[in-house]
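Visitor: 1 is the number of the first residue of the sequence shown in UniProt numbering; add one for each residue after it. A single structure is presented below for examination.
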Amino acid sequence: MALEVHPQTPEFVQLLGDLKSTIQEVKKQVNPLQAKITSNELAVDKGVSFLDVKYHILLQYLTDIAFFIYLKLEGKSIENHAVVDDLIQLRVILEKMKPVEQKLKYQIDKLVRAATIGIEGLNEEAGKGSVSDPFAFKPNPQNLVDKNAKTKEDEEEAAASGIYKAPKLAPVHFDEGSTAKSKQDREQARLLQRASKSRMMQDLIAEYDDRPEEVNAYSGINEGIGISNEEDRKMREREAYEEENFIRMTLSKKEMKKIRKGGVKRFEDEFEHLNDFTNLAAIQAVEEQEKNSLSLLKRKKTRQQLRDDDDNDEDEYSGPSQV
């Protein structure tokens, strides 16, 4: 009975022959390099570490492939075998390394050309700026270094000479007056805003304003002497919170008293808000303080000028006697 031959067997035999010849050529190339590395004739410690990692992974990948082929030739099962997981992991790593290798391509090509034609020849090519050389259009990081910049050694020599060199810093005028003025303006604006929100100021605006008067649901027509806007806002917030959370908040005795009175204050209670105009008085006090400061400064300048004039008169009088 004749043995059945697989259709791909001749192709496989041809690949084995090619593999054998390729291995012999690789040995001819690798053996001299290995001898140079062993004798320290070829330095490999300053290469690209990325390539070292890549070659180690490729070597491990080829070893696992050889072992995988061995298992297939022996007819052993590869189901749930560790070599399959290793091959998948190494293949994923190699695929992830491709973008990084593409970014390092320029640096690797430069190192290969430098090793082939020498660093001097590479510098000559870069100096000529050949249009046919794509590397000539790459940026040169050395151009980012200022050639006229002083090194640390130059600074130490200058310090050792003992000659003082003034730093080249542009003087900047500090305007203290503008800062103080802006601070006073902000304080004045804050006081004005606070005074405009006072109770009596709002009553005056409501009285002399042409717009219709706003009637509050709690105090009705007594809006002018009713609950203040702040208390009104707090009451609305409390009711909104109670309706949202379906709970009843506990009120203090003071709040309960206000609610029982219907939220309307007596006329004599309005005298408690007479100090709402203290904010306006504070603004006037700030202005008076500014005026006093300016007048005090003027008096100081006048006194200093008088002292200088007296000193000049004494110098002129004592001059002839000394001669």
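Here a beta-carbon is modelled for each residue, glycine too, at the ideal position from N, C-alpha and C. If you're wondering where the values come from, they're calculated on a predicted model, not measured in any experiment.
Where does K254 sit, in a helix, a strand or coil, going by DSSP?
Guide: Counting from one through the sequence shown, the residue named residue 254 turns up at place 254. K254 falls in the helix class under three-state DSSP.
Visitor: Look at the Cβ atom of I78, then the Cβ atom of F68, and state whether they are nearer than 8 Å.
Guide: Counting from one through the sequence shown, the residue named residue 78 turns up at place 78. Counting from one through the sequence shown, the residue named residue 68 turns up at place 68. Taking C-beta atoms as the reference points, I78 and F68 count as a pair closer than 8 Å.
Visitor: Within 10 angstroms of the Cβ of L191, are there 16 or more other Cβ atoms? Answer buried if so, exposed if not.
Guide: Here residue 191 refers to the residue found at position 191 when the sequence shown is read from its first residue. Counting every other CB atom within 10 Å of its CB across the protein chains shown gives L191 a total of 16 or more, marking it as buried.
Visitor: What did DSSP end up calling M249 once you bin it into helix, strand or coil?
Guide: Residue numbering aside, residue 249 sits at position 249 when the sequence shown is read from its first letter. M249 falls in the coil class under three-state DSSP.
Visitor: Who are the near neighbours of D64 in its chain, counting only those whose CB is closer than 6 Å to its CB and skipping five residues on each side?
Guide: Numbered from its first residue, the sequence shown carries residue 64 at position 64. Contacts found: V83, D86 and L87.
Visitor: Please report the Cβ distance between Y61 and L94, rounded to the nearest whole angstrom; I am assuming they are in contact, meaning their Cβ atoms lie under 8 Å.
Guide: The count along the sequence shown starts at 1 and reaches residue 61 at position 61. The count along the sequence shown starts at 1 and reaches residue 94 at position 94. About 7 Å separates the two Cβ atoms, so the contact holds.
Visitor: I need the straight-line Cα distance from Q24 to V44, nearest angstrom please.
Guide: Here residue 24 corresponds to residue number 24 of the sequence shown, with the count starting at 1. Here residue 44 corresponds to residue number 44 of the sequence shown, with the count starting at 1. Spanning the two alpha carbons is a distance of roughly 24 Å.
Visitor: In angstroms, rounded to a whole number, what distance separates the CA positions of S295 and K301?
Guide: For the purposes of this step, residue 295 is identified with residue 295 of the sequence shown, where counting begins at 1. For the purposes of this step, residue 301 is identified with residue 301 of the sequence shown, where counting begins at 1. For S295 and K301, the distance between alpha carbons rounds to 10 Å.
Visitor: If you draw a straight line from the C-alpha of Q29 to the C-alpha of S21, how long is it?
Guide: Within the sequence shown, numbered from 1, the residue matching residue 29 stands at position 29. Within the sequence shown, numbered from 1, the residue matching residue 21 stands at position 21. When rounded, the distance between both Cα atoms is 13 Å.
Visitor: When you compare the CB positions of R236 and E242, do they come within less than 8 Å of one another, or not?
Guide: Sequence index remark: in the sequence shown, residue 236 carries index 236 (1-based). Sequence index remark: in the sequence shown, residue 242 carries index 242 (1-based). Their beta carbons are not under 8 Å apart, which means R236 does not touch E242 by this criterion.
Visitor: Consult DSSP for H81 and reduce its assignment to one of helix, strand or coil.
Guide: By one-based count along the sequence shown, residue 81 stands at place 81. Three-state result, H81: coil.
Visitor: One question on the structure: do L42 and L51 come within less than 8 Å of each other, judged by their Cβ atoms?
Guide: Position 42 of the sequence shown, counted from the start, is the residue given in the question as residue 42. Position 51 of the sequence shown, counted from the start, is the residue given in the question as residue 51. In this structure, L51 does not lie closer than 8 Å to L42 by Cβ.
Visitor: With distance defined between alpha-carbon atoms, name the residue in R91, R238 and G47 nearest to L59.
Guide: Counting from 1 along the sequence shown, the entry for residue 59 is found at position 59. That would be R91, whose Cα lies nearest to the Cα of L59.
Visitor: Under three-state DSSP, which class holds N292?
Guide: The residue labelled residue 292 in the question sits at position 292 within the sequence shown. Helix at N292.
Visitor: Cα separation between K254 and A240?
Guide: On the sequence shown, position 254 is the one that residue 254 refers to. On the sequence shown, position 240 is the one that residue 240 refers to. The alpha-carbon atoms of K254 and A240 are separated by roughly 21 Å.
Visitor: Let me check you understand the geometry: is the CB of K254 closer than 7 Å to at least one non-hydrogen atom of the ligand NAP?
Guide: Among the components modelled here there is no ligand, and therefore nothing to report on the ligand NAP.
Visitor: In this structure, does DSSP put D209 in helix, strand or coil?
Guide: For the purposes of this step, residue 209 is taken as residue 209 along the sequence shown, with counting starting at 1. The answer is coil: DSSP assigns D209 none of H, G, I, E or B.
Visitor: According to DSSP, is S49 helix, strand or coil?
Guide: One-based indexing of the sequence shown puts residue 49 at position 49. S49 falls in the helix class under three-state DSSP.
Visitor: What residue does the alpha helix (DSSP H) around L104 start on, and which one ends it?
Guide: Indexing the sequence shown from 1 puts residue 104 at position 104. Note, L104: premise wrong, no alpha helix (DSSP H); not H, not E.
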